[in-house]
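Chemist: So for the sequence shown, our numbering puts the first residue at -14; every next one is plus one.
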Amino acid sequence: MLISELSVQADHGFVDMRTDDPLRQPDALLEAQLLDVRFEALTSTASLLFDLRTAMQIDDGNTGVLLARGLREIEWSGEIRSTARTAWNVVGSDCSRSGESVVLRIGFLPSARIRIMASRFEFYVGDVAELLEQLPDYGEDDDNAIRQNLPSWDSSLQIAWSSQAEAIAL
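1) Report the three-state DSSP secondary structure of Asp36 (helix, strand or coil).
2) How far does the beta strand (DSSP E) with Arg98 in it reach, from first residue to last?
3) Which value, in whole angstroms, describes the spacing of the CA atoms of Ile65 and Ser96?
4) To the nearest angstrom, how far is it from the Cα of Phe93 to the Cα of Glu(-10)?
5) Please name the residue in Glu151, Tyr109, Ala69, Thr39 whose C-alpha comes closest to that of Leu120.
6) Going by C-alpha distance, which of Ala152, Asp6, Trp138, Glu125 is nearest Gly84?
7) Beta-carbon separation of Asp36 and Pro136 under 8 Å?
8) Please confirm if Leu(-13) has its CB atom under 8 Å from at least one CB of chain C.
9) Measure from the alpha carbon of Leu8 to the alpha carbon of each residue in Arg90, Thr28, Ser62, then state which is nearest.
10) Assuming contact is defined by CB atoms lying nearer than 8 Å, are Phe106 and Leu34 in contact in what I supplied?
11) Any idea what DSSP makes of Leu117, helix, strand or coil?
12) Check each candidate in Ser29, Gly124, Arg82 and name the one with the smallest Cα separation from Ser67.
13) Between which two residues does the alpha helix (DSSP H) containing Arg132 stretch?
14) Return the chain-ordered list of same chain residues with a C-beta closer than 7 Å to the C-beta of Ser86, the five sequence neighbours on each side being excluded.
15) Using C-beta distances below 7 Å, list every residue in its chain close to Leu155, excluding the 5 sequence neighbours before and after it, in chain order.
16) Report all residues from its chain with a CB closer than 6 Å to the CB of Arg100; omit the five preceding and five following residues, and keep chain order.
17) Ser62 and Leu14 - do their beta-carbons sit closer together than 8 Å?
18) Looking at the structure shown, is Glu151 part of a helix, part of a strand, or coil, going by DSSP?
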């Protein structure tokens, strides 16, 4: 399945209550790298793409995808960067219930944060087969080498596990 297809297809079969589930375990995303964020206004869905090769707690796959369905709010705050590319590494994450919504907060290094409020979150972990074990070097590698060694929305993902959190079920 292509990563981009996760946001348009419902119910991929969820396995809940893992100790490394970022929807239930604070800081489970530590050292994962945020690569991209997409917002689909038509479906009120936000999608976050993570490289998990450096993640400290999640070791069942090299790629993570977080979907926020029934999106109510998304807020990004980050410092201005002087480099062409930035490795946004997770330094903290927390998911909690707030009224009829679930709120996810993620902090990054260098200094940035994202806050998402939605009626439901889904998290998928899996492998993009063509990725090397070592991440690309954003300062030394050329654009082609970097793109070939990062998951993208057009990558095929073999899902290892997934979970969900809804406002009424937390």
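Just so you know, even glycine gets a beta-carbon here, dropped at the ideal spot from N, CA and C.
Modeler: Reading from the atomic positions:
1) strand
2) 97 to 112
3) 9 Å
4) 27 Å
5) Thr39
6) Ala152
7) yes
8) Reference to chain C is not applicable here, since this structure consists of a single protein chain.
9) Arg90
10) no
11) coil
12) Gly124
13) 128 to 133
14) Arg57, Met102, Ala103, Ser104, Ala152
15) Here the model assigns Leu155 a pLDDT of 45, short of 50, so the residue's position is not dependable, and the following value carries that caveat. These residues qualify, in order along the chain: Arg82, Val87.
16) Glu60, Arg90
17) no
18) strand
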